[in-house]
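Peer 1: Handing you a structure now.
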């Protein structure tokens, strides 16, 4: 079945460092791909998404490109801030209304000043 | 911005007891979901609900689980007889007419079964 694999955390960075969180997926068909973020004490929030191959999702300085050839959707940010400290979840949707999202385990990012 | 509300934020119960986790989805949303995350593991899908019936459920969602939309605003998850392995963070989510493309999640209920 469809699945998502994320790099294990935690990831610890200094402010202004470059961030990459790896995500690969296995899916039949043509899924949409997402990154969700969970800040402490809050629910998961959609960070960005891409719906087809070569699409780039971006938001708040974060980017991820849907790479069909490598089945990847790595999350990147050029310069992280302390406020980016959170848990990041990669997810896919098989693209049918109401169908469940499939999540990875989540990667904890901790940014220090 | 509208949000999904879950209560309580923490629930402690004894093994074998029934628990009801409550959620108020965003008011004009049509699809409702429950997910859970056992500590250190993936966020797992439990069930989706549309048009007053279950539209999809996972293997986890066995006869011990049930969902209900008792009125126009609440969406509940009931666990009939809790087990130790039911201890997890339970997330409610809802989405609009587009379905699963964008889910809005609540902040979760941490269930601890002793």
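Protein chains in written order, with the numbering used here: chain A, 1087 to 1199; chain B, 23 to 136. Just so you know, even glycine gets a beta-carbon here, dropped at the ideal spot from N, CA and C. Model, not experiment: these values are computed from the prediction.
Helix, strand or coil for residue 1132 of chain A? Go by DSSP, reduced to three states.
Peer 2: Here residue 1132 of chain A sits in strand by DSSP.
Peer 1: Compare the C-beta of residue 1128 of chain A against all C-beta atoms of chain B and say whether one is closer than 9 Å.
Peer 2: Output row for residue 1128 of chain A: interface = yes.
Peer 1: Can you confirm whether the region 1164-1182 of chain A touches the region 1114-1130 of chain A when touching is taken to mean that 3 or more C-beta pairs between the two stretches lie within less than 8 Å?
Peer 2: The answer is yes - the region 1164-1182 of chain A touches the region 1114-1130 of chain A, with three or more Cβ pairs under 8 Å.
Peer 1: Which residues of chain A have a Cβ atom closer than 9 Å to the Cβ of residue 26 of chain B, listed in chain order?
Peer 2: Residues of chain A passing the Cβ test: 1129.
Peer 1: Under three-state DSSP, which class holds residue 80 of chain B?
Peer 2: Of the three classes helix, strand and coil, the one that applies to residue 80 of chain B here is coil, per DSSP.
Peer 1: Between residue 119 of chain B and residue 68 of chain B, is the Cβ-Cβ spacing less than 9 Å?
Peer 2: No, they are not a contact pair.
Peer 1: Could you have a look at residue 1169 of chain A and say whether DSSP puts it in helix, strand or coil?
Peer 2: If DSSP states are grouped into helix, strand and coil, residue 1169 of chain A belongs with the helices.
Peer 1: Against chain D, does residue 1122 of chain A count as a neighbour if the rule is that its beta carbon must be under 9 Å from one of theirs?
Peer 2: In the structure shown, chain D cannot be found, because the protein chains are A and B.
Peer 1: Using beta-carbon positions only, say whether residue 63 of chain B and residue 131 of chain B come within less than 9 Å of one another.
Peer 2: No; because the gap between Cβ atoms is not below 9 Å, this pair is not in contact.
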